[in-house]
Amino acid sequence: MSLAALKAPGVTDTRRRIVDTAVRLFTRHSFAGTSLQMIADELDITKAAVYHHFHTREELLLAAVEPVLEPLRTIVETAETQRTPQARAEYMLVGYANLAVRNRALLSVLAADPGVTDVMLTQHGLDDLINRQLNLLAEVDRGPSGRVKAALVLAGIPGAVAPRLIGLDDDVLLQYVIEAGRRTLGLRTPRRSTRDAAPNVPERR
């Protein structure tokens with residue numbers, strides 16, 4: 007099934023429920039440990055009903071992550087246009103933190119499940135996007151130390167916002183995450199507020 011077909015008008019509530027249920031089961035059982043039959047059982051529908059919308063788990067994964075990957079690409083592209091290394095890292099950090107906090111469950115699955123990572127790297131070119139994020143965050147401290155700090159931030163934020171670990175209000179959690187990221191990267195808090203600096207990102211539970 008093509009991406010155009012996935013985005014075609016007339017997407018049903020059933021389709022959305024299938025995707026949301028799949029994300030929950032990926033979190034609970036891992037991507038590799040979740041079958042289309044398990045998703046059907048969770049929804050109390052037939053496997054054929056799931057198959058009508060998605061022929062494979064990979065198609066389901068694409069449908070789940072595409073709404074997050076598009077704004078992430080925009081954040082990266084916009085960050086790359088900022089004038090200084092500090093400004094580029096700040097924009098990337100704030101944008102990524104916002105995206106993670108507003109999409110806690112999905113980002114946790116993307117970051118923590120090796121099966122998901124393998125699919126995204128091999129089929130959807132996520133490796134290039136990750137490298138661009140790393141470069142933006144590591145630019146403040148050039149060299150191996152900066153790369154390590156950038157990797158800690160990229161890997162640590164999705165884990166820090168995992169729903170089962172943190173019971174904070176989104177806005178409060180966002181401030182903690184951003185400040186922790188700044189300390190790790192060696193960034194100063196800018197004069198303008200985090201809310202003003204942050205790009206708009208979609209929210210999805």
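Residue numbers for the sequence shown follow my numbering, beginning at 7 and rising by one. Just so it is clear, CB atoms sit at the ideal spot from N, CA and C, and this is done for glycine as well. If you're wondering where the values come from, they're calculated on a predicted model, not measured in any experiment.
What's the C-alpha gap between residue i and residue j?
{"i": "Arg169", "j": "Arg110", "result": "It should be pointed out that residue 169 corresponds to Pro in this sequence rather than to Arg. Approximately 6 Å between the Cα atoms of the pair."}
{"i": "Arg23", "j": "Gly149", "result": "45 Å"}
{"i": "Thr190", "j": "Met126", "result": "27 Å"}
{"i": "Arg194", "j": "Leu158", "result": "18 Å"}
{"i": "Val56", "j": "Ser151", "result": "46 Å"}
{"i": "Asp177", "j": "Gly187", "result": "15 Å"}
{"i": "Val100", "j": "Ile51", "result": "40 Å"}
{"i": "Ala144", "j": "Thr123", "result": "21 Å"}
Taking all protein chains shown into account, do 16 or more other C-beta atoms lie within 10 angstroms of the C-beta of residue i, making it buried, or fewer, making it exposed?
{"i": "Gln43", "result": "exposed"}
{"i": "Gly192", "result": "exposed"}
{"i": "Glu76", "result": "exposed"}
{"i": "Ser8", "result": "Residue placement at Ser8 is poorly supported in this model, since its pLDDT is 39, which falls under 50; the coordinates are not used for a value here."}
{"i": "Arg89", "result": "exposed"}
{"i": "Arg94", "result": "buried"}
{"i": "Ala166", "result": "buried"}
{"i": "Arg63", "result": "buried"}
{"i": "Thr40", "result": "buried"}
Report, in whole angstroms, the separation of the C-beta atoms of residue i and residue j, which I expect to be a contact under 8 Å.
{"i": "Phe60", "j": "Val115", "result": "16 Å between Cβ atoms; not a contact."}
{"i": "Gln139", "j": "Tyr182", "result": "With 8 Å as the limit, Gln139 and Tyr182 do not qualify as a contact, their Cβ atoms being about 20 Å apart."}
Considering only the alpha carbon of each residue, which of the options lies closest to residue i?
{"i": "Gly121", "options": "Phe37, Asn137, Glu48 and Arg153", "result": "Phe37"}
{"i": "Asn104", "options": "Val125, Ile45, Leu160 and Thr40", "result": "Leu160"}
{"i": "Pro184", "options": "Gly152, Glu96 and Arg108", "result": "Correcting the residue type first, residue 184 is Ile in the shown sequence and not Pro. Answer by Cα proximity: Glu96."}
{"i": "Gly173", "options": "Arg21, Thr62, Glu48 and Val107", "result": "Val107"}
{"i": "Glu83", "options": "Leu142, Asp26, Val29 and Glu48", "result": "Leu142"}
{"i": "Pro196", "options": "Gln92, Asp119 and Leu112", "result": "Gln92"}
{"i": "Val135", "options": "Leu78, Ala69 and Asp47", "result": "Reading off the sequence shown, one finds Leu at residue 135, where the question assumed Val. Minimum Cα distance to Leu135 is reached at Leu78."}
Would you give the residue range spanned by the alpha helix (DSSP H) that residue i belongs to?
{"i": "Glu185", "result": "Asp176 to Leu191"}
{"i": "Pro77", "result": "Arg63 to Ala85"}
{"i": "Ala46", "result": "Leu42 to Leu49"}
{"i": "Thr27", "result": "Asp19 to His35"}
{"i": "Ala93", "result": "Pro91 to Arg108"}
{"i": "Arg138", "result": "Leu132 to Ala144"}
{"i": "Gly152", "result": "Pro150 to Ala166"}
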